[in-house]
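Q: Here it is, the structure, as structure tokens.
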Amino acid sequence: MKNGDHLFLVDGSGFIFRAFHALPALTRKSDGLPVGAVSGFCNMMWKLLTEARDTSVGVTPTHLAVIFDYSSKTFRKDIYPDYKANRSAPPEELIPQFGLIRQATRAFNLPCIETEGFEADDIIATYARKAEALGADVTIVSSDKDLMQLVTPNVHMYDAMKDKQIGIPDVIEKWGVPPEKMIDLQSLTGDSTDNIPGIPGIGPKTAAQLLEEYGDLDTLMARAGEIKQNKRRENILAGVEAVKLSRQLVTLRTDVPLELELDALVLEQQNGPKLISFLKAMQFTSLTKRVADACDCDASAIEPSSITVEWGDTARGPDLDQKAETADDKPAEKTEKTQKSAETGQGATPADLVTSREAVFKGQEIDRSRYVTIRDLDTLKQWIAAAKDCGLVAFDTETTSLDPMQAELVGVSLALQDNSASPDSTAIRAAYVPLGHKAGADDLFSDGLKLVDGQIPMGAALEALKDLLEDTSVLKIAQNLKYDYLVMKRHGITIAGFDDTMLISYVLEAGNGNHGMDSLSERWLGHTPIPYKDVAGSGKSLVTFDRVDIEKATAYAAEDADVTLRLWLVLKPRLVAAGLTRVYERLERPLVPVLAMMEERGITIDKQILSRLSGELAQKAAAFEDEIYELAGERFNIGSPKQLGDILFGKMGLPGGSKTKTGQWSTSAQVLEDLAAQGEPLPRKIVDWRQLTKLKSTYTDALPGYVHPETKRVHTSYSMAATTTGRLSSSEPNLQNIPVRNAEGRKIRTAFISTPGHKLLSADYSQIELRVLAHVAEIPQLRQAFADGVDIHAMTASEMFGVPIEGMPSEVRRRAKAINFGIIYGISAFGLANQLSIERSEASDYIKKYFERFPGIKDYMESTKEFAREHGYVETIFGRRAHYPEIKSSNASMRAFNERAAINAPIQGAAADIIRRAMVQIEPALAKAGLGEKTRMLLQVHDELIFEVEDEAIDAAMPVIISTMENAAMPAVSMRVPLKVEARAAHNWDEAH
DNA sequence: ACGTACACCTA
DNA sequence: GTAGGTGTACGTC
1 MKNGDHLFLV DGSGFIFRAF HALPALTRKS DGLPVGAVSG FCNMMWKLLT
51 EARDTSVGVT PTHLAVIFDY SSKTFRKDIY PDYKANRSAP PEELIPQFGL
101 IRQATRAFNL PCIETEGFEA DDIIATYARK AEALGADVTI VSSDKDLMQL
151 VTPNVHMYDA MKDKQIGIPD VIEKWGVPPE KMIDLQSLTG DSTDNIPGIP
201 GIGPKTAAQL LEEYGDLDTL MARAGEIKQN KRRENILAGV EAVKLSRQLV
251 TLRTDVPLEL ELDALVLEQQ NGPKLISFLK AMQFTSLTKR VADACDCDAS
301 AIEPSSITVE WGDTARGPDL DQKAETADDK PAEKTEKTQK SAETGQGATP
351 ADLVTSREAV FKGQEIDRSR YVTIRDLDTL KQWIAAAKDC GLVAFDTETT
401 SLDPMQAELV GVSLALQDNS ASPDSTAIRA AYVPLGHKAG ADDLFSDGLK
451 LVDGQIPMGA ALEALKDLLE DTSVLKIAQN LKYDYLVMKR HGITIAGFDD
501 TMLISYVLEA GNGNHGMDSL SERWLGHTPI PYKDVAGSGK SLVTFDRVDI
551 EKATAYAAED ADVTLRLWLV LKPRLVAAGL TRVYERLERP LVPVLAMMEE
601 RGITIDKQIL SRLSGELAQK AAAFEDEIYE LAGERFNIGS PKQLGDILFG
651 KMGLPGGSKT KTGQWSTSAQ VLEDLAAQGE PLPRKIVDWR QLTKLKSTYT
701 DALPGYVHPE TKRVHTSYSM AATTTGRLSS SEPNLQNIPV RNAEGRKIRT
751 AFISTPGHKL LSADYSQIEL RVLAHVAEIP QLRQAFADGV DIHAMTASEM
801 FGVPIEGMPS EVRRRAKAIN FGIIYGISAF GLANQLSIER SEASDYIKKY
851 FERFPGIKDY MESTKEFARE HGYVETIFGR RAHYPEIKSS NASMRAFNER
901 AAINAPIQGA AADIIRRAMV QIEPALAKAG LGEKTRMLLQ VHDELIFEVE
951 DEAIDAAMPV IISTMENAAM PAVSMRVPLK VEARAAHNWD EAH
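Residues in the first sequence are numbered from 1 upward in steps of one, following full-length UniProt numbering.
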């Protein structure tokens, strides 16, 4: 930097607050995301960059930086713990804009500067003085009086909102003292917003007058005794210490360590498309147009960029910015021009919210006496209006069943931040709206159940709630929202614009405990919510929620909403601070409506097929029972491992293979197979009997019981937050473990059928986990094999054993296949030996050989373990984390187990991420192809998606589904290995698979 | 009535 | 060797 250069220093943090209050409250059209300050910032930056010369600044910048506050733990806080202590939390609408303005800065290709321990003002002061010393001119884009001490003949300030330059005369005019006396003046006056003490009774006018009279602060303090006014003299004499402290606080530091030198701030060429991409995402149409014109770009050809906000972009269609996202643009991570070290941030940043929110809510007593019951429509409407005003409401439903497909709505609860007391109040109010509480004897001798008086009619309440729940500009917060989503969907309401505290917790802490509301409440709020059984009883005395009296229900239900809101306030900033917003917004939140729809659709099963199968299985099992009793010489309960063990290893004296951890003889299939191999007839029959009875009890007998009385279909329930790796789980019934591996079991799949005029279409990823492994561990041979489409297990065998692929014995391939799977599972010699029924030493040799042939695998395993030990978690290529808190356990087997799991998680988890992405993208892709009504996704089985497709649409749907799935990793991650999907359609699941 | 162990189904 | 859920037996309360 040299004489004649002109450095612009933009006070980013100051601008945000100023713009927020000064400019109209603009929100993004599509989803109500508040963007007023962002808009003001972008307009100002564009103006500065393109026409600064024509404004009152009068010069064009050669260097420019945007400076932000980073840490609330500044050196001022060390000097004076109460510094900025009475500063309130920023308004909710401002919160998402802090991050957006940083993103805007990067979109403008400008350095975005923040340094831990210092405020933006100190950084600005340091740059300004350095530049000045080199002979450059400086313009500080800010109107903050705290910066006025920096003004000199070469350093000006610029109030962008008033388009007014501020020089020495302007400072004198405004404050009555020249810039170099601003420190003295501020030391006397103090600053109530920053909690800087100063002298009571002395404001800017008096301070200026005193400084004029005595020259400077030191002289004034030395001669304070001469002041005539009694009160003023006393105050000043009593405030010597306060003035000293204040002077320290208001004096800007000019020695901040700078990571970016002045020369690094040189103004670079604008990247038109990058900027337009951001502006389009913000939906700033007129500025987009101006920028496009100026840089001669075709804005319509540029995709909106991926932006990350703390909350509010809920209504964004799942594919809106999907196409423009890139793997390198992760949230809250360093970019090359961002100086940032870990730790907390300024009142505004997520990191600071993490600290402050936790401090407020952890252990804060929850006052249930404030909960209200809403019994009339007017009051409900008032609450809804208040919710709209806040833009934020916690919501919960109370129903008659845990199954959302069966549940009848009994009431809803709401919780709001109570802003009536003061704008930054952390008080929360919550209410319960009973809608379907019933009372009366439910027997033959009475009139039966009657609705309790004092409840809003269901229809009217739903109509009012619909207005709130479908309004994307109000963020609905729920715990396990998929449940409430389905319940409300069945009542004609499609919730839009939401956050789910369960999913936020899952993204933050998968692997650390569960994510149910009660445990989250204990963990984060130190509060135990009323147990459900205290309200509805348990066991024999259990009643459905509609029979709970309304007063009790209010305490329970309102508390749920209250706790949910508190959890959100505590957890949401953590998400941003941890850089996990993207995982949450891409892989979790958009899946909620998708899964809800899948659950609602269900799948048809043919009860007759199952019933016939059940009969066959019963007969076959009975035949085995006779033979078993014959061979055993007595009747016993074959299903009891204990009794079976006594027969086999006690009475019959067979050689016992192994014991279970409780000391019982193991009767596992493995042990029985071994005995059968020695020529014993009984164990084989036990194994076969078990298989038959397993199929009967778990599938053919149980499945018909899950057929919904009205839809006549089976509606599974997916859990989004059950696994550590990111996989879904399925229950009631579990449709992810329907038999497939042998002919007898596969018959059960034939009972899963399509409705007339449709077929079931099954599309599954081929070898997805090995492909992920090839990608993450960068194994050249594996990548090549997948690129060439060769048999991966045969290739492995060939590499390891030197056997040519042509004419390879199946046993050789089988071993290689087991090893490949073993690798994914975090191989151990013990496990592999078990799997292949070979000696440990032999398994050990295989593993050694494998590592020699594929050294990248060993590297991957070691580095993954190291990462897990260091961080306590591992990450998928999409950024999802899986936590292994026991990875450093002193128990060797526990430690080894955690290491294997940690090795597996990035592989299994990435595969899970990929299919999640596919699921989010698939319905829009089908809709775009005009197949939305004809193709319905029904089930997910980890690497497989099952659709029900109209016969005539199958040929069109199949390529859409295949390409969406094969490209699902893109563009977030560009896989170095192709993904392969195989699909087939048939009348039943067995033939389709 | 509820929790745990065992066995076994899936990817 | 990874990740799940469910049914049965059997213990405890």
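Where a beta carbon is used, it is the ideal one built from N, C-alpha and C, also for glycine.
Computed from a predicted structure; not experimentally measured.
So which of P61, A387, R690 and Q767 has the shortest CA-CA distance to I638?
A: Residue 638 sits at position 638 when you count from the first residue of the first sequence. Minimum Cα distance to I638 is reached at R690.
Q: Give the single residue among S505, I428, K381 and D518 whose Cα lies nearest to the Cα of L469.
A: The count along the first sequence starts at 1 and reaches residue 469 at position 469. If we check each option's Cα against that of L469, K381 comes out closest.
Q: Considering Cα atoms alone, identify which of H942, T400 and G190 is closest to V250.
A: If you number the first sequence from 1, residue 250 lands on position 250. The residue with the shortest Cα to Cα distance from V250 is G190.
Q: When you compare only the Cα positions, how much space is there between A927 and E933?
A: Translated into the one-based positions of the first sequence, residue 927 becomes position 927. Translated into the one-based positions of the first sequence, residue 933 becomes position 933. Distance between the alpha carbons of A927 and E933: 8 Å.
Q: Would you decide whether K540 is buried or exposed? Buried here means 16 or more other CB atoms lie within 10 Å of its CB.
A: Translated into the one-based positions of the first sequence, residue 540 becomes position 540. Flag for K540 reads exposed.
Q: When you compare only the Cα positions, how much space is there between H793 and I824?
A: As a working note, residue 793 is residue 793 in the first sequence. As a working note, residue 824 is residue 824 in the first sequence. C-alpha separation (whole angstroms): 13 Å.
Q: Would L475 and G411 be called neighbours here (beta carbons separated by less than 8 Å)?
A: As a first step, residue 475 must be located in the first sequence, where it is residue number 475. As a first step, residue 411 must be located in the first sequence, where it is residue number 411. Not a contact, by the Cβ cut-off of 8 Å.
Q: Which same chain residues end up closer than 8 Å to R749 when comparing Cβ atoms and leaving out the 5 residues on each side of it in sequence?
A: Translated into the one-based positions of the first sequence, residue 749 becomes position 749. I738, P739, V740, N988, W989, D990 and H993.
Q: Assign Y846 to one of three DSSP states: helix, strand, or coil.
A: As a first step, residue 846 is located in the first sequence; it is residue number 846 there, counting from the start. Here Y846 sits in helix by DSSP.
Q: Got a sec? Which residues, its chain only, sit under 8 Å from K323 by beta carbon, not counting five neighbours each side?
A: To locate residue 323, count along the first sequence from 1; it is residue 323. With a pLDDT of 33 at K323, under the threshold of 50, the predicted position of this residue should be treated as unreliable, and no value is reported.
Q: Identify every run of the alpha helix (DSSP H) within the region 35 to 108, keeping only runs that are complete inside it and at least 4 residues long; order them along the chain.
A: The region 35 to 108 contains these whole alpha helix (DSSP H) runs: 36 to 51, 75 to 79 and 95 to 107.
Q: In chain order, which continuous runs of the alpha helix (DSSP H) of length 4 or greater are located wholly inside the region 530 to 582?
A: Those alpha helix (DSSP H) runs which fall completely within the region 530 to 582 and span 4+ residues are 532 to 536 and 550 to 577.
Q: In three-state DSSP terms, what is N988?
A: Within the first sequence, the letter at position 988 stands for residue 988. Note: N988 maps to strand in three-state DSSP.
Q: Leaving out five residues before and five after L782 in sequence, what residues of the same chain have Cβ atoms less than 6 Å from its Cβ?
A: One-based indexing of the first sequence puts residue 782 at position 782. If we look at L782 and ignore the five residues flanking it on each side, its Cβ neighbours are A774.
Q: How many angstroms separate the CA atom of A510 from the CA atom of A892?
A: Sequence index remark: in the first sequence, residue 510 carries index 510 (1-based). Sequence index remark: in the first sequence, residue 892 carries index 892 (1-based). Rounded to the nearest angstrom, the two C-alpha atoms are 23 Å apart.
Q: Counting pairs of beta carbons, one from the region 205 to 219 and one from the region 156 to 164, are three or more of them closer than 8 Å?
A: Verdict: no, contact absent.
Q: If we call anything under 8 Å between Cβ atoms a contact, is A902 one with A868?
A: Position 902 of the first sequence, counted from the start, is the residue given in the question as residue 902. Position 868 of the first sequence, counted from the start, is the residue given in the question as residue 868. The answer is yes: Cβ separation under 8 Å.
Q: Which word fits D424, buried or exposed, when buried means at least 16 other C-beta atoms lie within 10 angstroms of its C-beta?
A: The residue labelled residue 424 in the question sits at position 424 within the first sequence. A caution first: D424 carries a pLDDT of 46, below 50, which makes its placement in the model too unreliable to give a value.
Q: For M937, which of helix, strand or coil comes out of DSSP?
A: The sequence position of residue 937 within the first sequence is 937, counting from 1. Strand at M937.
Q: Can A461 and V433 be called in contact, C-beta distance under 8 Å?
A: As a working note, residue 461 is residue 461 in the first sequence. As a working note, residue 433 is residue 433 in the first sequence. Yes, Cβ-Cβ distance for A461 and V433 is below 8 Å.
Q: For R566 and K174, I'd like the C-alpha separation in whole angstroms.
A: The residue given as residue 566 occupies position 566 in the first sequence. The residue given as residue 174 occupies position 174 in the first sequence. Taking the straight line from one Cα to the other gives about 45 Å.
Q: Could you tell me if the beta carbon of E630 falls within a distance shorter than 7 Å of some heavy atom in the ligand MG?
A: The ligand MG is not part of this structure, which contains no ligands at all.
Q: Quick one: Cα of R582 to Cα of I495, how far?
A: Residue 582 sits at position 582 when you count from the first residue of the first sequence. Residue 495 sits at position 495 when you count from the first residue of the first sequence. Roughly 21 Å between the two C-alpha positions.
Q: Tell me which residue opens and which closes the alpha helix (DSSP H) that D859 is part of.
A: The residue labelled residue 859 in the question sits at position 859 within the first sequence. Looking at the DSSP string, the run of the alpha helix (DSSP H) that includes D859 is P855 to H871.
Q: Would you call the region 530 to 550 and the region 351 to 360 in contact, with 3 or more CB pairs under 8 Å?
A: Short answer: they don't touch.
Q: Classify Q643 as helix, strand or coil using the three-state DSSP reduction.
A: Residue numbering aside, residue 643 sits at position 643 when the first sequence is read from its first letter. DSSP places Q643 in helix when its eight states are reduced to three.
Q: With a floor of 4 residues, list each alpha helix (DSSP H) that falls wholly inside the region 386 to 418, ordered by position along the chain.
A: Qualifying alpha helix (DSSP H) stretches: none in this window.
Q: In the structure shown, what three-state DSSP assignment does V138 receive?
A: As a working mapping, residue 138 is identified with position 138 in the first sequence. Residue state, collapsed to three classes: strand.
Q: So for Q322, helix, strand or coil by DSSP?
A: Locating residue 322 in the first sequence gives position 322, where the first residue counts as 1. Confidence at Q322 is low in this model, with a pLDDT of 34, below 50, so the placement of that residue is unreliable and no value is reported for it.
Q: Who are the near neighbours of M800 in its chain, counting only those whose CB is closer than 7 Å to its CB and skipping five residues on each side?
A: Residue numbering aside, residue 800 sits at position 800 when the first sequence is read from its first letter. Closer than 7 Å at the Cβ level, and outside the excluded window around M800, lie A816, K849, Y850 and R853.
Q: Is the CB-CB distance between P61 and F108 below 8 Å?
A: Reading the first sequence from its first residue, position 61 is the one you call residue 61. Reading the first sequence from its first residue, position 108 is the one you call residue 108. Against a cut-off of 8 Å, the Cβ pair of F108 and P61 comes out as no contact.
Q: Leaving out the 5 sequence neighbours to the left and right, which residues in its chain are closer than 8 Å to E944 when beta-carbon positions are compared?
A: Within the first sequence, the letter at position 944 stands for residue 944. Cβ within range, chain order: S762, A763, D764, Y765 and H993.
Q: Under the three-state reduction of DSSP, which class applies to C112: helix, strand or coil?
A: Position 112 of the first sequence holds residue 112. Strand.
Q: Would you mind sorting V790 into buried or exposed? The rule is 16 or more other CB atoms within 10 Å of its CB.
A: Taking the first sequence and counting its residues from 1, one reaches residue 790 at position 790. The residue is exposed, with fewer than 16 neighbouring Cβ atoms inside 10 Å.
Q: Decide if the region 680 to 689 is in contact with the region 566 to 576; the criterion is three or more beta carbon pairs, one per stretch, under 8 Å apart.
A: Output reads no: the region 566 to 576 does not touch the region 680 to 689.
Q: Compute the distance between the beta-carbons of A553 and V535, then report whether it is under 8 Å.
A: The residue given as residue 553 occupies position 553 in the first sequence. The residue given as residue 535 occupies position 535 in the first sequence. Yes, the Cβ-Cβ distance between A553 and V535 is below 8 Å.
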